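Note that the sequence shown covers residues 4 to 804 in my numbering. Backbone N, C-alpha and C fix where the C-beta goes; we use that ideal spot for every residue, glycine too. Because the structure is a prediction, the values reported are computed rather than measured. To keep things clear, I will list the structure first and then write my remarks on it.
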Amino acid sequence: MTWKSATTAGQALLEELAYWGKDDYLERLAAYPEPVREEVLRLAAAIWPVSYALGYNFLDQVDKGLSCLAPEQLAEWVKATLDVYEREGLQAATRYLAEVEDNFLCRLRGEHGLSLTAATSRLLPYLRGLAGGELALAPAPVSWTDGETIFLPPEISLFKQSVANFTVYKLLATFQWGLLKLGTLTGDLAMFPGLAKELINRYGRQPAGEEPFPADFCSLFPAPRQAADLLMLLESQRVLRYLQQQLPGLMRDSLPVCRRLQSRRPAPASLRGPSRVLEAWSRWVLTGEGEAGEGLGPEEKKLYRQGLLLLAAAGEPGEDAAAPVQGGGAGQQEGGVGQSLELTAGLYQLLAELSGDYERIEPLLGILRPAAVQAVRLRRREERRQRFVEALGAFLPPEAATSATTDEEAGPVTGGAPPPPDSEGLAMLIGRSGEGDEEREPPAAEGAPEYLVIGGREFKLPEEIQALAREIQNDLGRVPPRYLSAAVGQAGGSAIRGPGPAAGSDGEESLVGPLVYDEWDYRRQGFRKDWCKLLPKELAPVQSTFVSSTLARYRGSLHQLKRQFEMMRLQQRHLRRQRDGDEIDFDAVVESLADAQAGVSPTEKLFIRLDRDERNIAAVFLVDMSSSTEGWVSLSLKEALALMCEALEVLGDRYAIYGFSGMRRQRSEFYHVKHLDEPYSDLVRGRLAAINPREYTRMGPPIRHVTKLLTAVDARVRLLITLSDGKPEDYDDYKGDYAIEDTRHALIEARAAGVHPFAITIDRQAQDYIPHLYGAVSYCFIDDVRKLPLRLPGIYRTLTT
4 MTWKSATTAG QALLEELAYW GKDDYLERLA AYPEPVREEV LRLAAAIWPV SYALGYNFLD
64 QVDKGLSCLA PEQLAEWVKA TLDVYEREGL QAATRYLAEV EDNFLCRLRG EHGLSLTAAT
124 SRLLPYLRGL AGGELALAPA PVSWTDGETI FLPPEISLFK QSVANFTVYK LLATFQWGLL
184 KLGTLTGDLA MFPGLAKELI NRYGRQPAGE EPFPADFCSL FPAPRQAADL LMLLESQRVL
244 RYLQQQLPGL MRDSLPVCRR LQSRRPAPAS LRGPSRVLEA WSRWVLTGEG EAGEGLGPEE
304 KKLYRQGLLL LAAAGEPGED AAAPVQGGGA GQQEGGVGQS LELTAGLYQL LAELSGDYER
364 IEPLLGILRP AAVQAVRLRR REERRQRFVE ALGAFLPPEA ATSATTDEEA GPVTGGAPPP
424 PDSEGLAMLI GRSGEGDEER EPPAAEGAPE YLVIGGREFK LPEEIQALAR EIQNDLGRVP
484 PRYLSAAVGQ AGGSAIRGPG PAAGSDGEES LVGPLVYDEW DYRRQGFRKD WCKLLPKELA
544 PVQSTFVSST LARYRGSLHQ LKRQFEMMRL QQRHLRRQRD GDEIDFDAVV ESLADAQAGV
604 SPTEKLFIRL DRDERNIAAV FLVDMSSSTE GWVSLSLKEA LALMCEALEV LGDRYAIYGF
664 SGMRRQRSEF YHVKHLDEPY SDLVRGRLAA INPREYTRMG PPIRHVTKLL TAVDARVRLL
724 ITLSDGKPED YDDYKGDYAI EDTRHALIEA RAAGVHPFAI TIDRQAQDYI PHLYGAVSYC
784 FIDDVRKLPL RLPGIYRTLT T
């Protein structure tokens with residue numbers, strides 16, 4: 004069955020349905036009016052490359068959709084369905100299609116859930132103001148935090164009104180902040196030796212040494228998951244009590260949220276064994292209601308009421324706040340996490356009287372992931388160590404490395420008096436001295452070390468290094484001796500030490516966590532939300548003669564380039580019709596005389612003034628590092644950048660250089676060579692020499708990232724110059740029209756943001772697609788790659804003059 008008016012994609016879909024004998028679908032399509040049929044075919048063809056199963060589900064549900072939607076609303080329905088598919092998977096998207104009236108139609112009427120994307124613009128400033136620092140938001144099926152990011156559900160539809168759903172987001176985010184604020188995940192089992200010993204004697208289990216806190220504590224119990232849920236319940240009570248004291252307005256607004264959450268939880272009567280009582284406790288923690296213990300048996304009610312006394316004590320200050328665990332031995336910790344640990348042991352003992360296995364209950368307001376918190380803590384600790392060592396090494400003079408005798412066993416001291424005579428030669432951190440007192444105060448007493456003593460010489464530390472030392476001290480209790488040893492060893496040294504990268508098999512280091520960007524899908528005329536992960540990386544410098552050899556090879560041309568760029572330093576304009584100036588504006592004089600003859604008051608603006616404007620330009624060179632640049636292409640790209648850097652140093656324009664490569668949407672790599680505000684140094688020259696071919700060419704994410712960087716810069720002209728040898732292509736389905744259209748849309752986004760993109764390509768087939776990507780006058784084709792080093796500065800001069 005064919006229809007002459009069907010599009011190419013629609014006709015291909017019809018042929019496939021016919022091939023597989025799907026006559027029922029063909030008959031239904033034939034029954035639609037032609038405009039409706041064409042729209043259904045177009046949308047089905049857009050779904051098909053994403054998921055065959057979802058495409059069939061769409062055809063199954065389209066009758067239901069047309070019963071409550073106008074044909075012109077189908078496209079938005081499909082777009083929303085694809086968003087659900089990419090965010091939550093096939094089953095969720097199938098449910099979304101089937102529940103078109105409850106989901107999509109309610110959304111059109113304004114009765115719908117709220118997405119995290121829509122809530123972030125209001126929620127994130129609130130959260131950062133609350134925390135007094137940088138916290139990020141990210142989507143996840145259940146709420147949790149790793150200490151630097153709070154993960155929340157991608158959409159909340161607990162209520163039909165978005166205002167009420169925003170309150171849900173606000174409560175969940177504030178609760179996770181409360182866990183961080185009250186130290187739920189930053190304790191240490193070693194701080195509670197009495198309680199740990201008591202539990203080891205009682206249950207005969209040793210703590211899991213590889214588990215972070217509080218998972219190591221929970222491993223002391225025969226049922227660690229049950230203990231973990233009890234601890235989370237107690238910490239939830241402690242955090243909610245704290246929020247009630249500190250943010251009473253929020254908690255008052257959140258009472259309907261807590262009641263709605265409680266109504267959606269399973270009834271205790273539907274559970275078995277200890278889970279019944281634990282669920283009843285959970286419902287009480289949410290709202291403070293349900294003291295009668297509905298749905299529990301007589302014995303369970305007795306245990307339930309005993310447990311409420313312990314729950315009510317969570318977060319109360321004072322040693323009498325909670326009933327001691329039978330057997331005693333571990334002190335209460337003034338309403339802190341230590342108190343919750345003791346109360347957990349008490350609740351666990353109560354539940355031990357019930358028969359039956361424990362089945363995990365649904366989390367209240369989120370879950371704990373200690374391993375993720377520990378991973379972030381260790382990463383931050385290593386970042387602080389590197390920053391401290393580099394900053395202190397750069398601050399110290401070269402002779403400090405020869406005068407110091409570092410000793411990891413004996414030093415440094417983090418407090419006390421200056422080093423005694425027999426310790427001369429050790430590197431020590433000491434605090435500030437009081438007025439009229441020769442003794443140094445311990446750093447802990449004053450807040451941070453202020454001086455460094457090496458071999459009898461005293462160095463006053465800059466505020467930046469003091470702040471880093473303070474952070475390290477707050478984390479570890481002191482600045483470890485090996486930190487000072489490493490810094491003293493780098494005293495006065497360059498960051499490039501040796502023939503290659505200092506560490507790591509590939510010499511690269513991730514600068515931050517993955518950044519998430521949308522990707523344009525031309526088939527559906529919409530974005531695939533949060534589709535690509537871009538990983539900024541540090542391109543490790545190498546010790547090489549590449550730059551010096553390049554400058555020597557192009558010595559004559561470079562001299563000419565520098566002279567040309569020197570002449571561009573100041574831009575000159577002749578401003579006509581000025582009140583004062585360097586020359587007479589004869590046109591203005593003639594007009595003034597004519598006005599006077601006509602009886603009109605003549606103008607006084609009769610001069611021409613030469614105005615000299617300083618350049619205000621920010622340019623980013625985005626370099627293709629895909630495997631196809633192997634050989635002459637990669638060499639010529641690096642030579643061109645080396646000459647460009649030398650010329651721009653004369654001109655004074657701000658410029659940056661980044662490379663890009665990667666494989667698949669989950670690993671788009673973005674390599675730092677030079678930032679806009681970074682001086683051109685041996686370090687940058689080392690990174691230039693390290694540019695080499697990698698993997699594939701997914702251009703959308705790096706273009707979007709550079710656009711974001713440039714829009715944050717105050718500049719009159721913002722340039723994005725891409726150097727590539729071919730069309731965008733990746734290992735997955737990012738190729739052909741799809742890749743070209745996504746790249747084109749990323750460039751359109753750049754122009755809309757005030758960034759001027761320009762492409763320099765050496766692909767011999769570039770004429771087929773480059774004009775479509777960049778426009779008729781925003782690209783340059785170079786037929787011989789060996790001409791690139793001399794052509795690039797000239798192209799830049801033309802673009803910025």
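Can you tell me whether residue i is helix, strand or coil according to DSSP?
{"i": "Ile364", "result": "coil"}
{"i": "Val145", "result": "coil"}
{"i": "Ser547", "result": "coil"}
{"i": "Trp23", "result": "coil"}
{"i": "Val482", "result": "coil"}
{"i": "Glu151", "result": "coil"}
{"i": "Lys82", "result": "helix"}
{"i": "Leu455", "result": "strand"}
{"i": "Val53", "result": "coil"}
{"i": "Val626", "result": "strand"}
{"i": "Ala355", "result": "coil"}
{"i": "Arg208", "result": "coil"}
{"i": "Asp588", "result": "coil"}
{"i": "Lys738", "result": "coil"}
{"i": "Leu93", "result": "helix"}
{"i": "Thr123", "result": "helix"}
{"i": "Asp717", "result": "coil"}
{"i": "Tyr525", "result": "coil"}
{"i": "Ala167", "result": "helix"}
Since residue i contacts residue j with CB under 8 angstroms, what's their CB separation in whole angstroms?
{"i": "Glu238", "j": "Leu182", "result": "7 angstroms"}
{"i": "Leu723", "j": "Leu713", "result": "7 angstroms"}
{"i": "Phe154", "j": "Ala167", "result": "In fact, because the Cβ distance is near 21 angstroms, the residues do not count as touching under 8 angstroms."}
{"i": "Tyr486", "j": "Arg388", "result": "6 angstroms"}
{"i": "Val676", "j": "Leu691", "result": "6 angstroms"}
{"i": "Asp728", "j": "Thr764", "result": "7 angstroms"}
{"i": "Pro157", "j": "Ser118", "result": "6 angstroms"}
{"i": "Val53", "j": "Leu32", "result": "About 20 angstroms separates the two Cβ atoms, so there is no contact after all."}
{"i": "Ala101", "j": "Gln64", "result": "6 angstroms"}
{"i": "Phe624", "j": "Ile587", "result": "With 8 angstroms as the limit, Phe624 and Ile587 do not qualify as a contact, their Cβ atoms being about 45 angstroms apart."}
{"i": "Thr875", "j": "Asp256", "result": "Beyond the ends of the chain as shown, which are 4 and 804, falls residue 875; an answer cannot be given."}
Here's a check: name, in chain order, each residue in its chain whose Cβ is nearer than 6 angstroms to the Cβ of residue i, leaving out the five neighbours to either side.
{"i": "Arg747", "result": "Leu776"}
{"i": "Ser671", "result": "Cys535, Leu537, Gly665, Arg701 and Pro704"}
{"i": "Thr152", "result": "Ala139 and Ala141"}
{"i": "Gly529", "result": "Lys82"}
{"i": "Ile743", "result": "Tyr772"}
{"i": "Cys261", "result": "Leu289 and Thr290"}
{"i": "Pro277", "result": "Leu354, Leu357 and Tyr361"}
{"i": "Gly359", "result": "Arg275 and Gly276"}
Looking only at its own chain, which residues have a Cβ that is under 7 angstroms from the Cβ of residue i, when we skip the five neighbours before and after it?
{"i": "Arg241", "result": "Leu185, Ala317, Gly318 and Ser343"}
{"i": "Ser560", "result": "Leu793"}
{"i": "Glu19", "result": "none"}
{"i": "Ala230", "result": "Cys221, Phe224, Thr347 and Tyr351"}
{"i": "Ser639", "result": "Val788, Arg789, Leu791 and Pro792"}
Using the Cβ count rule (16 or more neighbours within 10 Å means buried), how would you classify residue i?
{"i": "Arg244", "result": "buried"}
{"i": "Tyr99", "result": "buried"}
{"i": "Gln335", "result": "Note on Gln335: pLDDT 40, under 50, position unreliable in the model; no value is reported."}
{"i": "Pro36", "result": "exposed"}
{"i": "Pro373", "result": "buried"}
{"i": "Trp523", "result": "buried"}
{"i": "Ile457", "result": "buried"}
{"i": "Val593", "result": "exposed"}
{"i": "Cys862", "result": "No statement about residue 862 is possible, as the shown extent of the chain runs from 4 to 804 and does not include it."}
Cutting at 8 angstroms between CB atoms, please list the residues of its own chain near residue i, excluding the five before and the five after it.
{"i": "Lys565", "result": "Glu649, Ala650 and Val653"}
{"i": "Gln600", "result": "none"}
{"i": "Ile854", "result": "Nothing can be reported for residue 854: it is not among the residues displayed for the chain, which extend from 4 to 804."}
{"i": "Leu29", "result": "Met4, Leu17, Leu20 and Ala21"}
Worksheet entry | Ordered list of alpha helix (DSSP H) runs contained in the stretch 665–708, each at least 4 residues | Runs found: 685–693.
Worksheet item: Could you give the uninterrupted runs of the beta strand (DSSP E) lying entirely in the stretch 225–272, keeping only those of 3 residues or more?
Response: As far as the stretch 225–272 is concerned, it has no whole beta strand (DSSP E) run of at least 3 residues.
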